[in-house]
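In the numbering used here, the protein residues as written are 112 to 314. The C-beta atom is built at its ideal place from N, Cα and C for all residues, glycine as well.
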């Protein structure tokens, strides 16, 4: 089914209803809890130049890109056509006036950075925003993206260190059983610590 767009023109929180207007002017009111496959986003104007890093914020089968794929702008046509050299070497072309799901590609989330490598990485960690997500796994994913240098910027270095030491590794049934091994029996379980990973990097 082809993707279509509509703009939210009214809300009714009491009845949990949204009213949207389609490009042809038709208005539809519905309960979003009863309709699947809907994504909501806010339109923001962006300025791009040749050489800028760009990321796609939604998959597009027509040009063969996935959500959070990254590339570099090689050419901008007067008609709004963009030529992008993807990080995997592929060249893609599209009309910026029709492509709604793009953004600057200089900063990515830790989830989106998995599988990426860069010479230098700057990690911004606000300990007051989703503190439950700050743990050893987060530290490993962020820091291991850098091949030469990584720096962490935070609002509270004192509370960040113990937070990054929190082990969020999922425990299997076999590992749970090992936790009750009697005293005197050695366990060959190795663990890494966030402060070991961050050694040599500035907070």
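Beta-carbon spacing of residue i, residue j below 7 angstroms
{"i": "residue 250", "j": "residue 275", "result": "yes"}
{"i": "residue 321", "j": "residue 234", "result": "The question about residue 321 has no answer, for the chain in this structure spans 112 to 314."}
{"i": "residue 159", "j": "residue 184", "result": "yes"}
{"i": "residue 119", "j": "residue 129", "result": "yes"}
{"i": "residue 265", "j": "residue 245", "result": "no"}
{"i": "residue 164", "j": "residue 200", "result": "no"}
{"i": "residue 247", "j": "residue 267", "result": "no"}
Proximity winner among the options, relative to residue i (alpha-carbon distances)
{"i": "residue 192", "options": "244, 198, 207", "result": "207"}
{"i": "residue 198", "options": "180, 139, 169, 140", "result": "180"}
{"i": "residue 116", "options": "126, 157, 137", "result": "137"}
{"i": "residue 167", "options": "218, 145, 139, 133", "result": "218"}
{"i": "residue 210", "options": "200, 142, 173", "result": "173"}
{"i": "residue 176", "options": "161, 157, 153, 202", "result": "202"}
{"i": "residue 124", "options": "134, 140, 135", "result": "140"}
Alpha-carbon spacing of residue i relative to residue j, whole angstroms
{"i": "residue 278", "j": "residue 260", "result": "24 angstroms"}
{"i": "residue 149", "j": "residue 240", "result": "26 angstroms"}
{"i": "residue 142", "j": "residue 132", "result": "15 angstroms"}
{"i": "residue 214", "j": "residue 270", "result": "32 angstroms"}
{"i": "residue 170", "j": "residue 121", "result": "28 angstroms"}
{"i": "residue 156", "j": "residue 188", "result": "18 angstroms"}
{"i": "residue 144", "j": "residue 186", "result": "42 angstroms"}
{"i": "residue 161", "j": "residue 126", "result": "47 angstroms"}
{"i": "residue 114", "j": "residue 204", "result": "19 angstroms"}
Close beta carbons around residue i, own chain, < 7 angstroms, minus the five adjacent residues each side
{"i": "residue 252", "result": "221, 224, 225"}
{"i": "residue 228", "result": "256, 258"}
Close-in-space but distant-in-sequence residues of the same chain around residue i (CB under 6 angstroms, 5 per side omitted)
{"i": "residue 232", "result": "256, 257, 261"}
{"i": "residue 153", "result": "none"}
{"i": "residue 178", "result": "169, 170"}
Exercise for the section: Return the chain-ordered ranges of every beta strand (DSSP E) run that is complete within the segment 139-164 and spans a minimum of 3 residues. Expected result: none
Handout entry: Contained alpha helix (DSSP H) runs [length at least 4] in the segment 220-290, N- to C-terminal order
Key = 247-254, 268-275, 284-289
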